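Below is one structure; the comments refer to it alone.
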Amino acid sequence: MVDGKFKIEGYFEQPELISDNLKRKLMQFGVPQELLSKFFTKGADYD
1 MVDGKFKIEG YFEQPELISD NLKRKLMQFG VPQELLSKFF TKGADYD
């Protein structure tokens, strides 16, 4: 716990790029293009 909050350490591996269908749905519901672009490149920094 840090400052009374749980802190979970770990990592995320992106096995595949997001599908065109998921990409289209996220764009349809207003996810900003700059946020989506992070998931178009395998191994990108997600912070």
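Going by my numbering, 45 is the number at position 45 of the sequence shown; the sequence numbering is gapless. Beta carbons are placed, not taken as given, at the ideal position from N, Cα and C, and that holds for glycine. These numbers were taken from a predicted model, which means no experiment stands behind them.
- In this model, E13 and S37 are separated by some 17 Å (Cα to Cα).
- Judged by DSSP in its simplified three-state form, K5 adopts strand.
- DSSP, reduced to helix, strand and coil, places E16 outside both helices and strands of the structure shown, so it counts as coil.
- Between the alpha carbons of F29 and K23 lies a distance of about 10 Å.
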